[in-house]
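In the working numbering, the protein residues as written are 25 to 139. The structure under discussion appears below in the form of structure tokens.
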């Protein structure tokens, strides 16, 4: 079992920045990748970014150059640094932990980009 707790969401103006955190507990040694997803109102949940145990990162095209995923293994925490935020980035952001038998999800954190 893996438990995930996200934090760091909030209200920010266009062009602003936020840093989301996702802290894992439980069987963290079984995690081989951590992913960020987001779900805007009325839309499906979509993939945003991935960071692997070897710190390889990948991003969806719409956030490349603006979002950065990083990992602090000592704290079992991954971060999503979001810069130059746009209104289209408004969504509930979720992290998930991928293990060989499936995935675990966090509870989500709301990000609202608005002036």
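Where a beta carbon is used, it is the ideal one built from N, C-alpha and C, also for glycine.
Taking the Cα positions, residue 54 is about 30 Å away from residue 86. Annotation for residue 68: no residue places its beta carbon closer than 6 Å to its own, counting only its chain and skipping 5 residues before and after.
Checking the DSSP bridge columns, you'll see residue 56 has no partner listed.
Rounded to the nearest angstrom, the gap between the Cα atoms of residue 50 and residue 25 is 6 Å. In the DSSP assignment, residue 135 falls within the beta strand (DSSP E) that extends over 133-137.
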